[in-house]
Amino acid sequence: RTTPSFYLYPSDNWLDSNKDGVLNGRLLVAGQGDYKTATIVNTPFSFPGVNNLLSAEDAVNHIIDHVGASLVRDEVDKLLINQLISFGTLGQIINTEDDNGIPGAVGIVLNGPKPTDTDGDGMPDEWEDANETDKYVDDAMTISANGYANIENYINSLSEALPFLKPPYNLSESGVTTNQVTLTWTNDEDDADALIIEYGISPGDFTNSVTVAGDATEAVITGLQSGATYYFRIKAVNETMESAYSVVLVVQTDAEPVPPVACSSPSPADESTIGFLNDVVLTWENTTTTMGGTLYYDVFFGTSEGNMEQVTSRQKTTFYRAGSLSASQTYYWRVKATNDLGSHDGVTWNFSTASSTRERVLYIPFDETTGLVAENLAGPNDAHALNMTPVWEPGQKENCIYFSASPVNGCMSVDHYNELAMGTSPFSISLWYKSTGGGRDDIYLLHKGTHSATYGALGTGKWIGIQYKAGQRFTFAIDDDVTKTDLNITNPGLYFDGEWHHLVCMRDVSADKLKVYIDGVKIQEITDNTGDISEQAEFVIGNCNYNFDTPLPGYMDELEVYNSALTDAEVAYLYNASAVSVFNKTSPANPLSGYPNPFSDRFVLDIPQDAGSSLVVKIFDLAGKLVYSETINHPADHISVEGLGNLPIGVYFCILSGDLGQYVSKLLKH
244 RTTPSFYLYP
254 SDNWLDSNKD
264 GVLNGRLLVA
274 GQGDYKTATI
284 VNTPFSFPGV
294 NNLLSAEDAV
304 NHIIDHVGAS
314 LVRDEVDKLL
324 INQLISFGTL
334 GQIINTEDDN
344 GIPGAVGIVL
354 NGPKPTDTDG
364 DGMPDEWEDA
374 NETDKYVDDA
384 MTISANGYAN
394 IENYINSLSE
404 ALPFLKPPYN
414 LSESGVTTNQ
424 VTLTWTNDED
434 DADALIIEYG
444 ISPGDFTNSV
454 TVAGDATEAV
464 ITGLQSGATY
474 YFRIKAVNET
484 MESAYSVVLV
494 VQTDAEPVPP
504 VACSSPSPAD
514 ESTIGFLNDV
524 VLTWENTTTT
534 MGGTLYYDVF
544 FGTSEGNMEQ
554 VTSRQKTTFY
564 RAGSLSASQT
574 YYWRVKATND
584 LGSHDGVTWN
594 FSTASSTRER
604 VLYIPFDETT
614 GLVAENLAGP
624 NDAHALNMTP
634 VWEPGQKENC
644 IYFSASPVNG
654 CMSVDHYNEL
664 AMGTSPFSIS
674 LWYKSTGGGR
684 DDIYLLHKGT
694 HSATYGALGT
704 GKWIGIQYKA
714 GQRFTFAIDD
724 DVTKTDLNIT
734 NPGLYFDGEW
744 HHLVCMRDVS
754 ADKLKVYIDG
764 VKIQEITDNT
774 GDISEQAEFV
784 IGNCNYNFDT
794 PLPGYMDELE
804 VYNSALTDAE
814 VAYLYNASAV
824 SVFNKTSPAN
834 PLSGYPNPFS
844 DRFVLDIPQD
854 AGSSLVVKIF
864 DLAGKLVYSE
874 TINHPADHIS
884 VEGLGNLPIG
894 VYFCILSGDL
904 GQYVSKLLKH
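For what it's worth, our numbering labels the leading residue of the sequence shown as 244, then goes sequentially.
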């Protein structure tokens, strides 16, 4: 397709067009039609930008070794390079990416090692230290002295890939019995000495492990409990490295009628200390299915292990309200579980109360039903609606507030009072929230203070904030107008999924840390580099102070601020005690066994013998919204509830209503 306007000085150009699988071809010759209608010149002329001219053969080899994303080539890269080095024997014209024969069009993309990146700006701490950038501040787009952004300089410095082991993938089960699971996976790593399978009976519990050969693709895990849910993951290891973990696989073993196992997961946690003395709630779990009959619980409670009194008899719920307790006291308790096949006395747990209760300096339960004011039960100033009309709906505990994010400057605002001037003191913020992000890029759940000293009469540049940046981070930050400390949680979509989550953001002065807990578990902590954050601006809920342009689209409930740093056990207790509120509100019913738990698109219910002949199955989300309902006449011993694949990931309550009462099962959708 040349024209006479193309001026060429051709030299050492080769053409291989015979598709014989060999790099041979011939030298192109000027004047014999090889260059079509281009104008041929007899002497070379200057052309800027080419400093290192390669021969035709060297150019081919350079492309094979270095073209494209050559540090770590994925399946698409390898496909194209293999077609190139076939020299004509491979390759095709395709209509779509699906025609390339690679699963999912892009193949398997495996995780490698992730260097520590405290501020989450994409540049590892080690590189930031070496290049004198700030590893505590997102400065990726800051322009450096050479005119490039910091992130560009980091990317340009990558000359070789970090060595890593590819993790096994496609972890799945190929066989399940009452006490064993057969696992299979895909293994593409040739340099693994061994594979380690870790497993346990709760999402974060991987205390059991089995080691198999480095080239294995199957294993049988034995000695498991009947009817129990297990969480499996696998990694590759050798003498110097280990891979990332596979995706977690959830499997439930087949159930059989058995006597009860011991109750577990006590809250308050065993041997913990809590700073709460009023309306103390004890909770526990039991993994026994109802195939052996309905589970009943007897609770024993007292101030010494040898002198516990039975405080409940044959209750069906997994919590006990202990009421008000004494300070500086150790309490002992155990739960006996009984069904038709036997009983288990359980183990004895204990917890202690602190010398005084944790002090709340703000507590807004959002239990109103009408109006523009939310009462603050722990401080002199209530929360008042600004530029919005609150919507009061059933929440995590009684009612909650709904923010529509329209108009964008709407919020609830609490005027400052002395107890909210955090200064250099510890504090803990606890709340429940539910949001999908509402399509907004930037959201503040709450904000105390001002981002700049120039913002109004109360401007100081000192502040506390909880922020969501869509697709980027979930941030808890404090700033003294000199040094800001950001705790950034990646994968924020995990926590903005339209489900209720319990959030605790904490400044622990004694440990010099900022900490964030979600749903009772510590997600992350970082060093606190910030000083005095005293100021007197409003406490803004559901938006950012002064600018008022980052509204929260979603729900909030049970907002509390403590003037101390809570312990891990206390955070877990707050989460578990609130879960009891959901259970009570959803249904004061008998327990019901549903499995697998977690489920994906279906689960099976064990029908109690006394349920009756006409049943209604209803499923509610944590907000109490009905998401499924079906009437079943003359049910068998088990019924399958199907068509649940479109439900969002989260916690659900399945209510089985029969002739003689109701039964409830708490289930997790994954």
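Virtual Cβ for every residue (Gly too), placed ideally from N, Cα, C.
Quick caveat: nothing in here was measured; it's all calculated off a predicted structure.
query	result
What did DSSP end up calling Val504 once you bin it into helix, strand or coil?	coil
Can you tell me whether DSSP reads Ser254 as helix, strand or coil?	coil
Thinking C-alpha only, which one of His913, Glu768, Thr632, Asp658 is nearest Ala648?	Thr632
Along the chain, where does the alpha helix (DSSP H) containing Asn393 start, and where does it finish?	393-399
What are the boundary residues of the alpha helix (DSSP H) that His587 is part of?	Where His587 is concerned, there is no enclosing alpha helix (DSSP H), although the beta strand (DSSP E) it sits in stretches over 585-587.
CA-CA distance, Ser254 and Thr246?	19 Å
How would you write the range of the alpha helix (DSSP H) that Asp368 sits in, first residue to last?	368-373
Assign Met631 to one of three DSSP states: helix, strand, or coil.	coil
State the CB to CB distance for the pair Thr425 and Thr460, rounded to an integer number of angstroms; the pair is presumed to be in contact (CB under 8 Å).	12 Å between Cβ atoms; not a contact.
With Asp722 as the anchor, note down where its alpha helix (DSSP H) starts and where it stops.	From DSSP, Asp722 is part of no alpha helix (DSSP H) but of the beta strand (DSSP E) over 716-723.
From the DSSP output, in three-state form, read off Ala832 for me.	Residue confidence is low: Ala832 scores 48 on pLDDT, short of 50, so the model does not pin down where it sits. Its coordinate-derived value is still stated next. Coil, per DSSP.
What are the partner residues of Met534, as DSSP defines its beta bridges?	For Met534, which the question treats as bridged, DSSP gives no partner whatsoever.
Can you list, in chain order, the residues of its chain whose CB lies under 7 Å from that of Gly535, leaving out five sequence neighbours each side?	Pro500, Val501, Pro502, Asn582, Asp583, Leu584
Between Arg564 and Tyr539, how many whole angstroms is the CB-CB distance? I'm expecting something under 8 Å.	Not a contact, Cβ separation roughly 18 Å.
Can you find a C-beta in chain D that's less than 8 Å from the C-beta of Phe739?	Here chain D cannot be found, since the structure has a single protein chain.
Check for me: the beta strand (DSSP E) holding Glu803 runs from which residue to which?	797-805
Determine the burial state of Pro834: buried for a count of at least 16 other Cβ atoms within 10 Å of its Cβ, exposed for fewer.	buried
Just to confirm, is the Cβ distance from Ser671 to Met749 under 8 Å?	yes
With DSSP run on the structure shown, which of helix, strand or coil describes Glu340?	helix
Does the Cβ of Ala471 have 16 or more other Cβ atoms within 10 Å, making it buried, or fewer, making it exposed?	buried
To the nearest angstrom, how far is it from the Cα of Tyr660 to the Cα of Ala621?	11 Å
Assuming Thr530 contacts Pro851 under a Cβ cut-off of 8 Å, what Cβ separation, rounded to an integer in Å, is found between them?	Contact flag wrong, Cβ pair sits at about 18 Å.
Mind checking whether Tyr379 and Thr361 have CB atoms under 8 Å apart?	yes
Look at Gln639 and Glu801 and say whether their C-beta atoms are less than 8 Å apart.	yes
So for Pro841, helix, strand or coil by DSSP?	coil
Cutting at 7 Å between CB atoms, please list the residues of its own chain near Ala570, excluding the five before and the five after it.	Leu520, Thr596, Ala597, Ser598, Ser599
Near Asn267, which residues of its chain fall below 7 Å by C-beta distance, leaving aside the five closest residues on each side in sequence?	Asp259
Per the DSSP calculation, Tyr563 is bridged to which residue(s)?	Leu525
Within the same chain, show all residues whose beta-carbon is closer than 6 Å to that of Lys828, passing over the 5 residues directly before and after it, in chain order.	Residue placement at Lys828 is flagged as unreliable, the pLDDT there being 43, under the threshold of 50; the coordinate-derived value follows with that caveat. Once the five neighbours on either side are set aside, Lys828 has no close Cβ partner at all.
Have a look at the DSSP bridge pairing and note the partners of Cys787.	Answer is none; Cys787 lacks a bridge partner.
Do Asn619 and Leu629 have their CB atoms nearer than 8 Å?	no
Measuring only the C-alpha atoms, how far is Ala832 from Glu781?	With a pLDDT of 48 at Ala832, under the threshold of 50, the predicted position of this residue should be treated as unreliable, and no value is reported.
Of all the options Glu403, Tyr397, Ile464, which has the alpha carbon lying nearest to the alpha carbon of Val455?	Ile464
According to the neighbour-count rule (16 or more other Cβ atoms, all chains shown, within 10 Å of its Cβ), is Asn294 buried or exposed?	exposed
At what residues does the beta strand (DSSP E) containing Ile769 begin and finish?	764-770
Can you give the beta carbon distance from Ile862 to Cys897, rounded, assuming they're within the 8 Å contact cut?	5 Å
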